[in-house]
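Quick note on numbering: the first sequence equals residues 1 to 375 in UniProt numbering. Here a beta-carbon is modelled for each residue, glycine too, at the ideal position from N, C-alpha and C. Treat the numbers as computed from the prediction; the structure is a model and nothing was measured. Reading through the C-alpha cells given below for one structure.
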Amino acid sequence: MIEWSPSKIKAFQETLLAWYDKEKRDLPWRRDHAPYHVWISEIMLQQTQVQTVIPYYERFMAQFPTVEALANAKESDLMKAWEGLGYYSRARNLQRAAQQLVTDHHGVWPTTAEGLRELAGIGPYTAGAIASIAFGQPVPAVDGNAFRVFSRLLEIDDDIAKPKTRSVFEAAIQRMMPADRPGDFNQAIMDLGSSYMTAKNPDSAHSPVKAFNQAYLDGIEDQFPVKTKKPRPVPVDLLALVIRRGDQLLLLKRPNSGLLAGFWTFPMVDVAELQAASERDLVLESDLSRALQKWAMDEFKLALTAIGFTGGQQVTHTFTHRKWRISLVVADLAVDADLSYFPGQWLTPKAVAKTAFPKVQTKLFDQARALKLME
DNA sequence: CATACGTGGTA
DNA sequence: TTACCAAGTAT
C-alpha cells in the first residue's frame, strides 16, 4: 500500500469531483438528498445492480412516500413491493427501522454514522452513505466499489473478503474525504467503480483518475482487489408437493428465520433427509411414495394418498450457497385428512396475484401449469 | 470471524 | 453450465 501527500490528495479530490459534476449518473434517488430517499435507495442497492433497483425504487416511493407510511404499512404489502428483489430481511429491517424512527426518535433522523448504526439493517456502509450524502458528514462509505477503486489506486493488497480489512480502507479513505463535499466524493467513487474501474474489463486508460491509479500505472491492475473465493453452492435435491382441492393449492408457510423466511411455498421435502429417515433405500417410486406419506404424517399429521411423480424436468434454482433441484410430486389429500396441525393455507388462483412469492416458487407455479396441474 | 442470506447479468 | 459479480448486514 502506498501513501499520498496532502497535495496529491487535494489534486485527486478536484479531479474526481470535476468529473463527477460533469458525468454523474441521473438516478431517481439523486433528485434530492432527503434521508428517506437516500436510505431506501441504499438498502435496495445492497448486493443489487442499479438497473434492477430503479423500477423497484419508483414503485416503492409511490406506495410508501414517507417514513410514517412505511412504519404503518401492512407487511404483506411491503413484501409484495419487495417481491423479486431478494435478501428479504432487508425489507423487514426497513420497516423495523421506520418504526424505530417514529417511536424512539420521534421522527427525527440521527445525523451521524454512529447514530444511524442503531437502526435495523443499517451497517457500516449504509451508515456512512446516509451520513455523508444526506447530512454532509465527512465519513467514508466503503462498499464493493470503494474496496475495488482504492485497492487499485493505493495498491492495497489486504484481502477484502476479511472483515478486519474494512478498517484498513476506512482509515485510508478517511484521510481523503473533502470536508465540503463528502457525499459527492463517496458517490463519485461509486460511479467510478461502475464505469471505468469495473471488476471485469476495466477501462483505466480512459479513466479520469488514471494518473492516480498506481496499480494501473504499474501494470498490475489485474491483481487488485485481493479477494478470496467463496465456495460453490451445494446441490440439494427436493420434492415439492402439489396438493389440490378443486382449483386451490395447499401452501406451507416457511419458518420465520432462515432461507426464504416467512414465505408461502409448496411443501418441500429434502430427499436426503427423506432417505435418511427411511428404513430402506428409496429406489422404487413405491418406496418414495411410502416415505413421503410417512413424512407428511410425522411432520404435520397430514394424510396423503395417490402420490404421483410427474416426470417433468426438474426445476432448478440457485441461491448464494445452495442449488435446489426440485421434482414436482402430485398428491391427493385423504378424504378424512385433518389440516388442523398443518401450518398452511389453501391458495386460491385469485390470491396468487396478491401474495408475494420468492422466485423459486414462481418457477414451481410455472412448472405446475406446464404439467396441467393448475389453472 | 465465517457463514447465511436472493436474484439477475455477463463471460 | 459454471464462475463471479452487484451501492452489505446480521449473527
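Element boundaries [alpha helix (DSSP H), containing residue i]
i	result
T362	359 to 370
L192	182 to 193
F147	144 to 153
Y56	50 to 63
G115	113 to 116
S76	75 to 82
A199	Segment: none, A199 is in no alpha helix (DSSP H) and carries neither H nor E.
Nearest neighbour of residue i, chosen from the options [CA to CA]
i	options	result
Y87	F319, P55, T66	F319
L371	P343, Q314, A334	Q314
T126	F169, Q99, E42, L260	E42
F224	N186, E3, N201	N201
G312	T66, V330, R25	V330
W29	D332, E58, V142, L238	E58
D32	L250, Q46, T52, I130	I130
K229	V335, S257, D159	D159
H37	F64, K22, Y20	F64
I243	G344, T48, H106	G344
P35	Y56, M79, T112	T112
Q187	W82, F60, S89, D26	D26
A71	V271, F263, A97	A97
A337	D366, F300, A368, L364	F300
A120	N145, N93, A146	N93
V102	N145, A69, V226	A69
E118	S132, G107, Q100, I133	Q100
D270	L288, D184, G262	L288
M1	S151, A356, G128, K10	S151
Sheet register partners of residue i (DSSP bridge)
i	result
S132	In DSSP, S132 forms no bridge with anything.
S327	L239
K294	Note: K294 sits in no beta bridge, so no partner.
R31	The partner list for R31 (beta bridge, DSSP) is empty, contrary to what the question assumes.
W264	K253
D218	DSSP, once it has assigned bridges, lists no residue as partnering D218.
V234	R322
R245	Q248
Helix, strand or coil at residue i [DSSP, three-state]
i	result
W346	strand
H317	strand
D287	helix
D270	strand
L16	helix
V168	helix
A45	Note on residue identity: the sequence assigns Leu, not Ala, to residue 45. It is coil, neither helix nor strand.
D158	coil
V102	helix
V108	coil
D338	coil
D332	strand
V67	helix
V352	helix
R96	helix
R90	helix
V38	helix
P6	helix
S278	coil
T228	coil
E23	helix
K210	helix
A141	coil
A11	helix
I173	helix
N-terminal and C-terminal residue of the beta strand (DSSP E) that residue i is part of
i	result
L304	304 to 309
Q248	248 to 253
Whole-angstrom C-beta distance between residue j and residue i, which should lie under 8 Å
i	j	result
S278	A296	Between A296 and S278 the Cβ distance is about 14 Å, and since that is not below 8 Å, they are no contact.
A114	V142	The identity of residue 114 in the sequence shown is Glu, whereas the question assumes Ala. In fact, because the Cβ distance is near 15 Å, the residues do not count as touching under 8 Å.
K359	V236	Not a contact, Cβ separation roughly 16 Å.
S327	F309	7 Å
A215	E155	5 Å
V209	T15	6 Å
L282	F266	Not confirmed; about 20 Å, so no contact.
L304	A276	Not a contact, Cβ separation roughly 20 Å.
M176	P138	In fact, because the Cβ distance is near 10 Å, the residues do not count as touching under 8 Å.
P140	Q174	6 Å
G219	R148	About 18 Å separates the two Cβ atoms, so there is no contact after all.
L116	F212	Between F212 and L116 the Cβ distance is about 30 Å, and since that is not below 8 Å, they are no contact.
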